[in-house]
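Number of protein chains: 2
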Amino acid sequence: MSLDARDVRILRSIAENDSTSPERIQEETNIPKSTVHYRIKNMKDRGVIKNDLFEIDFEKAGLGLTVISEVLAEFGEGYQEEVGKALAEIEGVNEVYFMMGDTDFIVISRLPSRDMVETLVEEFEAVDGIQRTSSKFVISSIKADESVGILRDYSEETLLNSHGLDETVEKIE
Amino acid sequence: MSLDARDVRILRSIAENDSTSPERIQEETNIPKSTVHYRIKNMKDRGVIKNDLFEIDFEKAGLGLTVISEVLAEFGEGYQEEVGKALAEIEGVNEVYFMMGDTDFIVISRLPSRDMVETLVEEFEAVDGIQRTSSKFVISSIKADESVGILRDYSEETLLNSHGLDETVEKIE
DNA sequence: TTTGAAAAACTTATTAC
DNA sequence: GTAATAAGTTTTTCAAA
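Going down the list, the sequences are from chains E and U.
For the first sequence, the UniProt record's numbering begins at 1 and goes up steadily by one.
For the second sequence, the UniProt record's numbering begins at 1 and goes up steadily by one.
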């Protein structure tokens, strides 16, 4: 099944403190660390939590330039899949979204310097089936929540409702 | 200073195996785990690594709907900052990028269901200074690397060059 | 900065509720 | 599912190089 109030509380505690330590979570949530561990393991088994990661500062890691591109592809039977995969394999491409509406893609890339942008665009346009591309530089990343950190962007209520739980459930405790 | 060949090797080992375990990194890189730990701590101190996180499955966490929006704002003195911050505070908004070119923003939001999209768009348009918004649904996330995972998208050479290091440096070892 | 060895923390297993 | 405990691992700290 999906998440319950306790799972949500644990995930939010991780998101808000940027720490996955069971002991710290116990201190904040009053859920015993053995239970915290049981819950986290459970979420890992169900695939809700995929893996441990470090969040990095892209700029300090040498990838200070972010480019967002719109890629328009030719219409065709199941074509999107192939075009999308080809875009995903280009060096520097971190995200590829296949969008509703027109047959196009939004592509987010991070690069060390402007020199590489030209190469990137050339590689986009070399992909078979590409019709038109339009790339813009990001001046500043005003917000860039990732991974479990995105849970900070929701009220506890929203997260619970999304699993069909109302506040009654939360009040069990 | 920035990253050297050893830092890059450690970060890539983490990215490629989706694991931050010093012991595993030692096995893969032959760098002793206490040294691995020292390097990671060092990168944390310098802010290259920001924090420990879990990667989550957005869909399983109840946030299966991704929306990418383009927001056009009115021109104005330092206006962008305020508009950007206001957008960032809207529930469901995970990423806000201030773009070059026209005075606009790219906003990435994740939501539990379509019901909330209307609310989202209304909230966008209620922000002072907003001129026009255009939102599209993501049909599928073909690629969605995050955090340290994005380092998989680069050759070791590119990552080293971005810190002004050539292959000579790497051959020290 | 690099390590090996010691201390602390985390994970797993076991049990009882 | 929850939670306590104990045993086994792993991570983190620390002192020496």
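Where a beta carbon is used, it is the ideal one built from N, C-alpha and C, also for glycine.
{"Check": "Entirely enclosed alpha helix (DSSP H) segments - the stretch 66-109 of chain E, minimum 4 residues", "Outcome": "79-88"}
{"Check": "Endpoints, the alpha helix (DSSP H) within which residue 117 of chain E is located", "Outcome": "115-126"}
{"Check": "CA nearest to the CA of residue 107 of chain U, picked from U:157, U:134, U:59, U:35", "Outcome": "U:134"}
{"Check": "Counted within 10 angstroms of its Cβ, other Cβ atoms place residue 152 of chain U as buried (16 or more) or exposed", "Outcome": "exposed"}
{"Check": "Beta-bridge partners of residue 55 of chain U, as assigned by DSSP", "Outcome": "E:51"}
{"Check": "Residue-chain proximity (residue 101 of chain U, chain E), Cβ-Cβ < 8 Å", "Outcome": "yes"}
{"Check": "Rounded separation between residue 77 of chain E and residue 104 of chain E - CA only", "Outcome": "14 Å"}
{"Check": "Inter-residue CB distance, residue 143 of chain U and residue 47 of chain E (contact presumed, cutoff 8 Å)", "Outcome": "Not confirmed; about 18 Å, so no contact."}
{"Check": "Alpha-carbon to alpha-carbon, residue 160 of chain E and residue 84 of chain U", "Outcome": "28 Å"}
{"Check": "With 16 other Cβ atoms within 10 Å as the buried cut-off, status of residue 75 of chain E", "Outcome": "exposed"}
{"Check": "Residue 172 of chain U in three-state terms, based on DSSP", "Outcome": "With a pLDDT of only 32 at residue 172 of chain U, under the threshold of 50, the placement of this residue in the model should not be trusted, and no figure is reported."}
{"Check": "CA nearest to the CA of residue 87 of chain E, picked from E:23, E:64, E:102, E:130", "Outcome": "E:130"}
{"Check": "Short CB-CB distance (under 8 Å) between residue 114 of chain U and chain E", "Outcome": "no"}
{"Check": "Proximal residues, the stretch 128-142 of chain E versus chain U, C-beta separation under 8 Å", "Outcome": "136, 137, 138, 139, 140, 141, 142"}
{"Check": "Limits of the beta strand (DSSP E) - the one that residue 130 of chain U falls within", "Outcome": "130-144"}
{"Check": "Cβ-Cβ distance between residue 112 of chain U and residue 29 of chain E below 8 Å", "Outcome": "no"}
{"Check": "Opening and closing residue of the alpha helix (DSSP H) in which residue 161 of chain E lies", "Outcome": "156-161"}
{"Check": "Cα-Cα separation, residue 182 of chain E to residue 64 of chain U", "Outcome": "The structure shown does not extend to residue 182 of chain E, since chain E is modelled only from 1 through 173, so no value can be given for it."}
{"Check": "Euclidean distance between Cα positions of residue 99 of chain U and residue 22 of chain U", "Outcome": "38 Å"}
{"Check": "Of the listed residues U:124, U:154, U:147, nearest to residue 19 of chain U (C-alpha basis)", "Outcome": "U:147"}
{"Check": "8 Å Cβ cutoff met for residue 8 of chain U and residue 25 of chain U", "Outcome": "no"}
{"Check": "Short Cβ contact (8 Å threshold) for residue 40 of chain E with residue 49 of chain E", "Outcome": "yes"}
{"Check": "In DSSP terms, what residue 111 of chain E is bridged to", "Outcome": "E:65"}
{"Check": "Test: residue 42 of chain E CB closer than 8 Å to a CB of chain U", "Outcome": "no"}
{"Check": "Nearest to residue 128 of chain U (by Cα), restricted to the options U:118, U:79, U:114, U:68", "Outcome": "U:79"}
{"Check": "Collapsed DSSP secondary structure at residue 31 of chain E in the structure displayed", "Outcome": "coil"}
{"Check": "Helix, strand or coil at residue 11 of chain E according to DSSP, with G and I counted as helix", "Outcome": "helix"}
{"Check": "Residue 163 of chain U to residue 66 of chain U span [Cα, whole Å]", "Outcome": "34 Å"}
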